[in-house]
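Residue numbers (the working numbering): 66 to 549.
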């Protein structure tokens, strides 16, 4: 069904679009709160359910399933529109939250996390496709700015509320309390998506969709195998040669599977930074590697090397969240060519991560480090929101789902590579006798700065010979049914 023009005011908070906008923001806020709160609650979960030895699986299972859900949803949305993926994603997410919140043993809790991750992958791609179909192009930057802002409150209060619930009531309410909000957000969005059907000419037939799904399964399996093996090696060391050898082989095979399958799930030319859309998607992954790898070690450096308490160290993360919101709002108001925001954002991120290395010394005032990382958040808000807008703008209607899924895969794997790579470098360089050694953190940040610089190169490639895909300039958003 082709996109249809619609009458009247088409602002994001117009009477016609307001319920849809609020519902989408509620979905993203729920996902953000869960992501921030679970990190705080997980130590209590592991202690009560005797899951310390499998602690990392609670996070890697969510990620692995989310990767698979993202791939499946991309193909499904291109064939059938966003509604089926949205409904299945909501059902999976709420089921996973229920299983995790009620789990009597740790392995069942991790299973619930995997189910939630699968649902989250479905829902985020469906949301991107809904934005591409229901909102005019000039409104989409504003919507993506608001989506980024939806992370601010969860980033500021999520960890605190999660800690209070875990200590005063039960960690189970961290999971169970999100469920009714997810359902409420779905109820707001669902009626407004009736007209958002499938494109006239789907880019994937059923057989191609199955091949893509199998490729996604290979990626998810490879990532999980590599993470499981690396976590096991880190926990048990190399004391048992046979076991260590098997885990090493598993890690290599997992990395090989991920390396072979990941490029096949992206637009052709993404890995080699082809001009236009492929480089825009590559920029997203590169800046995520740099930002999330660097951010993971800021609190540890402040606590172990500079003697701050955890609450004070967390102010740097809050500054980044506020900066992220500011960058997202700014990108919605640019009047020049949007592709240049990727170059500017990656440049600011490179300067910020380099500034971390210069600010790590105890002689540097704490507020300077907070300011530096707030600037990094600003750069990320500007860059990531712009990549979302550009991918929708440059994708024909029949490829919005697949390209949105590719963008999310680049986003997710970038964060994984950054945190896992930085963690491996930390384990390699740290001196157990001197855990507060500043030089280790400086080395990590300088290594990650290379990826931010690569993001500048990818951003420059994204500015070259970018033309809107056929039909995207003139295509109008579909009419979303009114309340009546």
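All C-beta atoms, glycine included, are put in the ideal place defined by N, C-alpha and C.
Own chain residues within Cβ distance below 6 Å of residue i, not counting five before or after
{"i": "residue 291", "result": "316, 319, 320"}
{"i": "residue 419", "result": "514"}
{"i": "residue 91", "result": "250"}
{"i": "residue 450", "result": "209, 210, 213, 393, 396"}
{"i": "residue 384", "result": "435, 438, 439"}
{"i": "residue 298", "result": "312"}
{"i": "residue 237", "result": "166"}
{"i": "residue 226", "result": "none"}
{"i": "residue 417", "result": "437, 440, 441"}
{"i": "residue 88", "result": "250, 253, 254"}
{"i": "residue 44", "result": "The structure shown does not extend to residue 44, since the chain spans only 66 to 549, so no value can be given for it."}
Nearest candidate by alpha-carbon position, reference residue i, set the options
{"i": "residue 425", "options": "133, 527, 373", "result": "373"}
{"i": "residue 222", "options": "314, 295, 99", "result": "99"}
{"i": "residue 465", "options": "193, 180, 115", "result": "193"}
{"i": "residue 551", "options": "351, 141, 370, 421", "result": "This structure does not reach residue 551, given that the chain is present from 66 up to 549, and the question cannot be answered."}
{"i": "residue 155", "options": "248, 198, 89, 347", "result": "248"}
{"i": "residue 289", "options": "322, 454, 188", "result": "322"}
{"i": "residue 246", "options": "326, 177, 159", "result": "159"}
{"i": "residue 107", "options": "240, 77, 429, 153", "result": "240"}
{"i": "residue 366", "options": "257, 443, 503", "result": "503"}
{"i": "residue 482", "options": "137, 324, 220", "result": "324"}
{"i": "residue 408", "options": "430, 496, 519, 499", "result": "519"}
{"i": "residue 153", "options": "182, 287, 286", "result": "182"}
{"i": "residue 562", "options": "128, 89, 207", "result": "An answer regarding residue 562 cannot be provided, because it is not within the stretch 66 to 549 covered by the chain."}
{"i": "residue 433", "options": "310, 421, 287", "result": "421"}
{"i": "residue 364", "options": "431, 314, 306", "result": "431"}
{"i": "residue 287", "options": "314, 310, 306, 347", "result": "314"}
Own chain residues within Cβ distance below 7 Å of residue i, not counting five before or after
{"i": "residue 512", "result": "490"}
{"i": "residue 494", "result": "505, 508"}
{"i": "residue 95", "result": "243, 246, 247, 250"}
{"i": "residue 469", "result": "139, 190, 193, 194, 456"}
{"i": "residue 176", "result": "164"}
{"i": "residue 535", "result": "Residue placement at residue 535 cannot be trusted, given a pLDDT of 48 that sits under 50; what the coordinates show is reported in the next sentence. Cβ neighbours of residue 535 beyond the five flanking positions: 461."}
{"i": "residue 406", "result": "396, 399, 447, 448, 451"}
{"i": "residue 444", "result": "392, 410, 413, 414, 417"}
{"i": "residue 62", "result": "Because the chain spans 66 through 549 in this model, residue 62 falls outside it and cannot be assessed."}
CB-CB length for residue i against residue j, believed under 8 Å
{"i": "residue 438", "j": "residue 377", "result": "About 13 Å; that fails the 8 Å criterion."}
{"i": "residue 170", "j": "residue 180", "result": "With a Cβ gap of about 16 Å, residue 170 and residue 180 do not count as contacting."}
{"i": "residue 133", "j": "residue 282", "result": "6 Å"}
{"i": "residue 510", "j": "residue 359", "result": "5 Å"}
{"i": "residue 196", "j": "residue 205", "result": "6 Å"}
{"i": "residue 361", "j": "residue 487", "result": "6 Å"}
{"i": "residue 93", "j": "residue 199", "result": "About 15 Å separates the two Cβ atoms, so there is no contact after all."}
{"i": "residue 219", "j": "residue 97", "result": "4 Å"}
{"i": "residue 388", "j": "residue 446", "result": "7 Å"}
{"i": "residue 184", "j": "residue 157", "result": "3 Å"}
Beta-carbon proximity of residue i to residue j, cut-off 7 Å
{"i": "residue 448", "j": "residue 410", "result": "yes"}
{"i": "residue 338", "j": "residue 508", "result": "no"}
{"i": "residue 143", "j": "residue 349", "result": "no"}
{"i": "residue 517", "j": "residue 423", "result": "no"}
{"i": "residue 135", "j": "residue 474", "result": "yes"}
{"i": "residue 277", "j": "residue 140", "result": "yes"}
{"i": "residue 131", "j": "residue 186", "result": "yes"}
{"i": "residue 254", "j": "residue 390", "result": "no"}
{"i": "residue 521", "j": "residue 412", "result": "yes"}
{"i": "residue 126", "j": "residue 83", "result": "no"}
{"i": "residue 371", "j": "residue 427", "result": "yes"}
{"i": "residue 484", "j": "residue 357", "result": "yes"}
{"i": "residue 279", "j": "residue 327", "result": "no"}
{"i": "residue 353", "j": "residue 480", "result": "yes"}
{"i": "residue 81", "j": "residue 258", "result": "no"}
Cβ shell of residue i (< 8 Å), same chain only, five flanking positions each side left out
{"i": "residue 78", "result": "86"}
{"i": "residue 114", "result": "168, 169, 170, 171, 174"}
{"i": "residue 261", "result": "146, 147, 148, 194, 195, 198, 199, 543, 545"}
CB contact check: residue i to chain B, cutoff 7 Å
{"i": "residue 237", "result": "As a matter of chain content, chain B is missing from the structure shown, which is built from one protein chain."}
Decide yes or no for the touch test of the segment 228-238 against the segment 393-401: beta carbon pairs closer than 8 Å, at least 3 of them. Flag = no, the segment 228-238 and the segment 393-401 do not touch.
Are the segment 520-528 and the segment 402-413 touching by the rule of at least three beta carbon pairs closer than 8 Å? Cβ pair count under 8 Å is three or more, so yes.
Any 3 or more C-beta pairs closer than 8 Å across the segment 338-346 and the segment 452-466: Between the segment 338-346 and the segment 452-466, the count of C-beta pairs closer than 8 Å reaches three or more; the two stretches touch.
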